[in-house]
Amino acid sequence: TGEAAARALSEGLGVEDGGPFMRLRPFLKDGGLRQDTWGYRIYDDLNPRDKDWYIEKTRLSAFYNTNLEGVLRALHADTVLITGVLTNQCVAATSKDAMFRDFKPIVIEQCTGTTLPHLHEPAIEMIRVGWGEVRDLESTLGEIRQLSRTP
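This is how it looks when you write it as structure tokens:
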């Protein structure tokens with residue numbers, strides 16, 4: 012999933028003037044996702060830029076108790092492209108919270124994953140049927156390329 016997300020950003024999925032990056036669950040006291048550990052860092056191949064926004068995520072949803080909504084509103088965004096882990100937890104919660112805030116959530120399936128693979132497909136179907144759109148990486152990149160050519 013990290014490689015697919017890096018490809019998505021390198022081919023234009025990010026915001027030209029900077030986009031939000033989430034850090035993974037820093038509230039964990041033990042384990043590999045603690046602050047200042049390798050598991051907390053943004054995936055190296057994503058190549059975040061200085062002009063990107065960094066939002067410290069403290070719960071499953073990236074919207075919960077963060078300034079993500081304010082950043083998106085300031086950028087005049089109406090659609091949120093969602094990637095990450097865990098599909099059945101963080102991705103599902105963030106996509107649902109995006110819908111609750113009147114954003115259009117689009118989950119890019121190849122850019123998501125979970126530690127329990129048998130939960131990935133049910134989570135994707137739950138998002139698709141319940142509150143968001145699920146797309147594949149290639150069609151999403153194609154649409155972005157098309158939009159970037161539109162004057």
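Add 11 to a position in the sequence shown, counting from 1, and you land on the number used in this note's numbering.
Backbone N, C-alpha and C define an ideal beta-carbon position, used for all residues, glycine too.
Note that the coordinates shown come from a computational prediction; the quantities given were computed from them, not determined experimentally.
Open item on the list: Please classify Lys115 as buried or exposed, where buried requires at least 16 other C-beta atoms within 10 Å of its C-beta.
Closed with: Lys115 should be labelled exposed.
TODO: Determine the DSSP secondary structure at Pro37, reduced to helix, strand or coil.
DONE: Its pLDDT being 44, under 50, Pro37 is placed unreliably in this model, and the value from its coordinates should be taken loosely. In this structure, Pro37 counts as coil in the three-state DSSP scheme.
Task: beta strand (DSSP E) segments (min. 3 residues) lying fully within the stretch 80-161 - done: 90-96, 115-124 and 144-146
Task: Separation of Ser150 from Leu35, as counted between CA atoms - done: Unreliable placement is indicated for Leu35, whose pLDDT of 48 sits below 50; the coordinate value is still reported in the next sentence. Rounded to whole angstroms, Leu35 to Ser150 spans 27 Å at the Cα level.
TODO: Check whether the stretch 125-133 touches the stretch 84-92, taking contact to mean three or more Cβ pairs, one atom from each stretch, closer than 8 Å.
DONE: Using a Cβ-Cβ distance cut-off of 8 Å, the stretch 125-133 and the stretch 84-92 are not in contact, since fewer than three pairs of beta carbons, one from each stretch, lie closer than that value.
Open item on the list: Taking 8 Å as the threshold (C-beta atoms), are Thr98 and Ile53 in contact?
Closed with: no
Open item on the list: Please report the straight-line C-alpha distance between Thr161 and Val118, rounded to a whole angstrom.
Closed with: 23 Å
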